[in-house]
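Right, one structure below, let's go through it.
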Amino acid sequence: MSWSGTGRFGLREAPGGLGLVQDFVNTKTIGDYGPDLLSSTELAQPWLSRALAAWSAARGLDVPEITLSEGDLAALREVRSLFEQLVHGEEVSAPGPVRTALLPGRDGSVRLAPSGAGGDWLVSALWTETLLAQQAKTWPRLKICRREECGSAFYDVSRNNSGVWHDVKTCGNISNLRASRERKRAAAG
């Protein structure tokens, strides 16, 4: 099962539940890759259904049935902006308390799980996965492409975690070419 928001940009998917955070950030419009998937329930609900299936497969859980209302969408777009800032490493103000659940396992383990309904469940899942990714030390590998016209969320697999573009051949070459032209103009004049 793949992440449809991230897949439409042809990006490497983040592992496990962090893929949900990446996919959520990639619901925005970027270039000609398609509309903002949180602009209407007609677009958001199919995206969410696929994302929940992928998240459940990654976590080994049953697929939750979550329905989004029109009222959820504006709040989710604001949360998406918060997560973009968070991925950039910026300080963000939490929109308020987030409810999660602690679920005991049969083997004596305890699992952190999202709770709530509709958009609240999704926000809970996003914060839960962020915390888990930070604990697993995979969070710093989730990045926003440095090319402003792109801004897609990508998972950096470079050995030293130094990637700044989702794809060096596309966004990297464009950015480097622009910088080279600017240096030549500055030197010439």
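Quick note: the sequence shown uses the numbering used here, first residue 873, plus one each step.
Cβ atoms here follow ideal geometry from the backbone N, Cα and C, with glycine treated the same way.
This one's a predicted model, so the numbers in the text were calculated from it and none came from an experiment.
Item to check | Limits of the beta strand (DSSP E) - the one that alanine 973 falls within | outcome: That run of the beta strand (DSSP E) goes 972-976.
Checklist entry - How long is the line joining the alpha carbons of proline 1012 and glutamine 1006, rounded to whole angstroms? => result About 8 Å.
Item to check | Cβ separation of threonine 1000 and leucine 984, assumed to be a contact under 8 Å, to the nearest whole Å | outcome: Right, their Cβ atoms sit about 5 Å apart.
Checklist entry - Quick one, are the C-beta atoms of leucine 915 and proline 907 less than 9 Å apart? => result The answer is yes: Cβ separation under 9 Å.
Checklist entry - If you count every other CB in all the chains shown that lies within 10 Å of the CB of alanine 960, and 16 or more means buried, which is it? => result According to the sequence provided, residue 960 is histidine. The question's alanine does not apply to it. By the neighbour-count rule (16 or more Cβ atoms within 10 Å), histidine 960 is not buried but exposed.
Checklist entry - glycine 903 to cysteine 1022, Cα distance in whole Å? => result Looking at the two C-alpha atoms, the distance is approximately 7 Å.
Next on the checklist: What I want to know is whether the C-beta of glycine 988 ends up closer than 8 Å to one or more non-hydrogen atoms of the ligand NAP.
Outcome noted: Only the bare structure without any ligand can be found here, which leaves the ligand NAP out of the picture.
Checklist entry - Below 8 Å, can you find three or more Cβ-Cβ pairs linking the stretch 917-936 to the stretch 967-976? => result Not touching, per the Cβ criterion.
Next on the checklist: Tell me the DSSP secondary structure of leucine 909 in three-state form.
Outcome noted: If DSSP states are grouped into helix, strand and coil, leucine 909 belongs with coil.
Next on the checklist: As a quick exercise: from Val951, Pro918 and Leu954, pick the residue whose alpha carbon is nearest that of isoleucine 938.
Outcome noted: Nearest of Val951, Pro918 and Leu954 to isoleucine 938, Cα basis: Pro918.
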